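The next block holds one structure in the form of structure tokens; read it before the comments.
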Amino acid sequence: MTIIAQKPHSLTDVPMHYCPGCGHGIVHRLMGEAIDELNIGDKVIGVAPVGCAVFADSYFACDMIQGAHGRGPAIATGIKRSKPEAIVFSYQGDGDLASIGMAEIVHAAARSEHITVIFINNAIYGMTGGQMAPTTLVGQVATTAPKGRDPLLQGWPINICEMLSALKGAKYLERVAVDSPQHVMAAKKAIKKAFENQVKGIGFSLVEVLSQCPTNWGVDPLKSLEFVRTKMMPQYPLGVFKDEGAE
Amino acid sequence: MAEKTLRKGNEALAEGAIRAGCRFFAGYPITPQNEVPEYMAAHMADAGGAFVQAESEVSAINMVYGSASTGTRAMTSSSSPGVSLKQEGISYLASADLPCLIVNMMRGGPGLGNIAGAQGDYFQATRGGGNGDYHIFVFAPNSVEELGNFPKMAYELSEKYRIPAMILADGILGQMMESMSFNFDPIDPKTLGKFDWALDIHKNGAPKNNVFSYKGDNLSADVWSRAKRYGQVEREEVRFEERNTEDCDVLLVAYGLSSRACLEALTKAQEKGLKVGLLRPITLWPFPSKRIHELAGKVKAVLTVEQSLGQLVQDVRLAVNGKAPVYLNAYPAGDTPSGESILTAAASALKGEGEGLFDLQKYSEGFDYKGGRK
Amino acid sequence: MPRIEVDANRCKACYLCVNACPKKCLGKSKTISKKGYFPAEMVHPENCIGCTMCYMVCPDVAITVIK
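Spelled out as structure tokens, the structure:
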């Protein structure tokens, strides 16, 4: 008997604090697996965000720093430029990356910083309690959009992968989901590639993960998977938006 | 090492920082400090470091936060409005106990202000500036030579105490050219030891390091532990310069370029029949309160000379604590002191009233502003 | 025979694994965990094929698969 699947070494033993069914934990595990498989565990330095993943530094076994809201790519830039041998990742949510940190992510991509960005898009502010995010869907109810997001009042959702794909410096952009085993496997491949690109020195890589937030969507974990499939995917189609590292 | 060269203030500062082992610089253009990032862009790579022109001051300070977390001697520079933007990052650096160097080449304010020199950011610098309960070192050079030599002192104290350091200089000082020399040999940061708290790789099983802003368990314990370091800094790291303080009737207190004008006043005091001394704080935090308190017991009046509307004078009043009358000779937003104008104020200070003494209440007496909506 | 272990100290009873299992091996435990949840557990261990689907979707990295 051998163990064929277990918690990766790149994660600590600390149980995660996320709500039941939340996608963050799945993504943490995929990152841990990617780091293990690439054998870069002793070279990784991570940037934890403000938001639900604020305590991510407890879950990853590597050295980590806690950043201010939105500033992950700038902090990762400072680390990578000072320690080019390190494999640096910035882990960010949608409010963090697509709202307050929009300038930081766009310019890190434009400079093609050699960093790996894992972007969790769950279309809502989680930690603060369900406010409208830049990625909140049209019609989606949030505490600051009680009648649902009205584009005439609150504008339209922001599609980060599509937007960043206009930048020459963005070398790898893929949108994945973690709503089913198949999609989790694809997400794993993408996340691994985003780290591998940094090992190979390809340039800025970002994986956008459509992730479920049962708590703030007000649904049970199973229904949250449905929401990802039926509501989020039409607005945020899965796929590779940029892959300049490919042969 | 001791060779004198003619340098512009901003360039002396940038060169001094590289010599002091700075190997990461991030900044955003703003006048009057542009020569600093320009110098860094030209020379940092040769020194084996990294220069990044950031997309904003907010980003620049966060890049410094990232770089400093690896134990690198990191730096950013800006001028007043830009330093306001950096306050988020400075607060994080303070909370994560990271050493670094921040430079503020002050310009006029508030808001956009102008690019003339000013000292209006004293409160912002000495009170922490960002959110929360913290201090940063604040060094106030008054010459190009000090601009060039302060980065080394700033890094060393910042690293010793894990408190961010700021050089707070008058914008004009950055633009001035003076003969100067570096009083230390260039430092190769590779020869400096490592920090046990810094983020690193290839650790061979050493325990993981986290650079936290919010540690999540006991915030008050963190703040108390920082307070011990603050107390030690206030005891041991106060720096100031005194001139003619042994026998004076009026003690001037001024920093930066205002103190240069005070030196001129000192040279002309005798011919006016005045006995004037000067205490120049070099560290604005920690503030030389103890020494000012001692001197206040020996003089007839204390006169604060500042290019702001009454900021430094508050610390001076706290220090003097009633031992002597404290007056303010204020030159806000581009107004400039001269030896002459300072001596006029000093003479008034001896009388307790007269030209050159600024008092907000007296100044606005009888003024009845009718604002509000029509 | 393949089997899985659920770490009851990590499981938060979202039951995404119950939903993902193609052989319907998993169900809800009748015992409450220290965390206050009814964790997922094997109810039909004989059907497990070690496909790791449960592990794949578990947000709490609570599942170990042994084959």
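Protein chains in written order, with this note's numbering: chain E, 229 to 475; chain S, 65 to 438; chain R, 30 to 96.
Think of the CB as a built atom: it goes at the ideal place given N, C-alpha and C, for glycine as much as any other residue.
Computed from a prediction, not measured in an experiment: that's the story for all the values here.
For Tyr395 (chain S), no alpha helix (DSSP H) run applies, since DSSP gives it neither H nor E. With a cut-off of 8 Å on Cβ pairs, the region 92 to 110 of chain S is in contact with the region 137 to 149 of chain S, counting three or more such pairs.
Taking 7 Å as the Cβ-Cβ cut-off, the region 309 to 343 of chain E approaches chain S at Arg309, Ser310, Lys311, Glu313, Ala314, Ala331, Glu332, His335, given in chain order. Membership of Gly193 (chain S) in any beta strand (DSSP E) is not indicated, and neither H nor E is assigned to it by DSSP. What Ile263 (chain E) touches in chain S, judged by beta-carbon distance under 8 Å, is nothing: the nearest beta carbon there is about 12 Å away. DSSP places Lys470 (chain E) outside any alpha helix (DSSP H); the residue lies instead in the beta strand (DSSP E), whose first and last residues are 467 to 471. Proximity to Ser148 (chain S) across S:Asp161, S:Arg171, S:Cys164, S:Arg137 peaks at S:Arg171, based on C-alpha coordinates. Among the bridge pairs identified by DSSP, Gln320 (chain E) is matched with E:Phe347.
Counting the other Cβ atoms within 10 Å of the Cβ of Ser284 (chain S) gives fewer than 16, which makes it exposed.
Within chain E, no C-beta atom comes less than 7 Å from the C-beta of Val147 (chain S); the nearest is roughly 16 Å away. At least one CB of chain S lies nearer than 9 Å to the CB of Asp270 (chain E). Using a CB distance cut-off of 9 Å, Asp264 (chain S) counts as an interface residue toward chain E. Residues are counted here when their Cβ sits less than 8 Å from a Cβ of chain R; for the region 411 to 425 of chain E these are Val412, Met413, given in chain order. Between Pro248 (chain E) and Lys52 (chain R), the C-beta gap is not smaller than 9 Å, which leaves the two residues out of contact. Within the region 126 to 145 of chain S, Asn126, Met127, Val128, Tyr129, Gly130, Ser131, Ala132, Ser133, Thr134, Gly135, Thr136, Ala138 place their CB atoms closer than 9 Å to a CB of chain E, listed in sequence order. Cβ-Cβ distances below 6 Å link Gly274 (chain E) to Phe288, Cys290, Met292, Phe317 in the same chain, with the five nearest sequence neighbours on each side left out; the list follows chain order. The C-beta of Arg355 (chain S) comes no closer than 9 Å to any C-beta of chain E. Assigned with DSSP and collapsed to three states, Val116 (chain S) falls in strand. Spatial neighbours of Thr443 (chain E) in its own chain (CB-CB distance under 6 Å, excluding positions within 5 residues in sequence) are listed in chain order as Cys247. Here Ile166 (chain S) carries a strand assignment [DSSP, helix/strand/coil]. Residue burial annotation: Arg290 (chain S) is buried, with at least 16 other C-beta atoms found within 10 angstroms of its C-beta.
Between the alpha carbons of Ser123 (chain S) and Met240 (chain S) lies a distance of about 29 Å.
Against Thr305 (chain E), the close residues of chain S are Val116, Met127, Gly130, in the order they occur along the chain (beta-carbon pairs closer than 7 Å).
The C-alpha of Pro74 (chain R) is placed about 53 Å away from the C-alpha of Gly153 (chain S). Taking all protein chains in view, the Cβ of Tyr427 (chain S) is surrounded by fewer than 16 other Cβ atoms within 10 Å, so the residue is classified as exposed.
Rounded to whole angstroms, the gap between the alpha carbons of Cys87 (chain R) and Met244 (chain E) is 12 Å. For the C-beta of Met391 (chain E), not a single chain S residue is nearer than 8 Å; the gap to the nearest is close to 16 Å. Against chain E, the CB of Glu152 (chain S) has a partner CB under 9 Å away; the residue lies at that interface.
Phe88 (chain S) reaches chain E at Gly306, Arg309, Ser310, counting residues in chain order whose Cβ is nearer than 9 Å. DSSP, read as helix, strand or coil, puts Trp349 (chain S) in strand.
S:Phe187 is the residue among S:Pro163, S:Ile356, S:Phe187 whose C-alpha sits nearest the C-alpha of Pro174 (chain S). Using a Cβ-Cβ cut-off of 9 Å, Val275 (chain E) counts as an interface residue toward chain S, since at least one Cβ of chain S sits closer than that to its own. Interface criterion not met: the Cβ of Asn76 (chain R) is under 9 Å from no Cβ in chain E.
Sequence-distant partners of Leu221 (chain S) (beyond 5 residues in either direction) whose C-beta falls short of 7 Å from its own C-beta, in its chain, are Phe201, Ala229, Glu301. For Phe259 (chain S), the nearest beta carbon of chain E is not closer than 9 Å to its own beta carbon. Ranking R:Lys57, R:Met82, R:Ile92 by CA distance to the CA of Asp407 (chain E) puts R:Met82 first.
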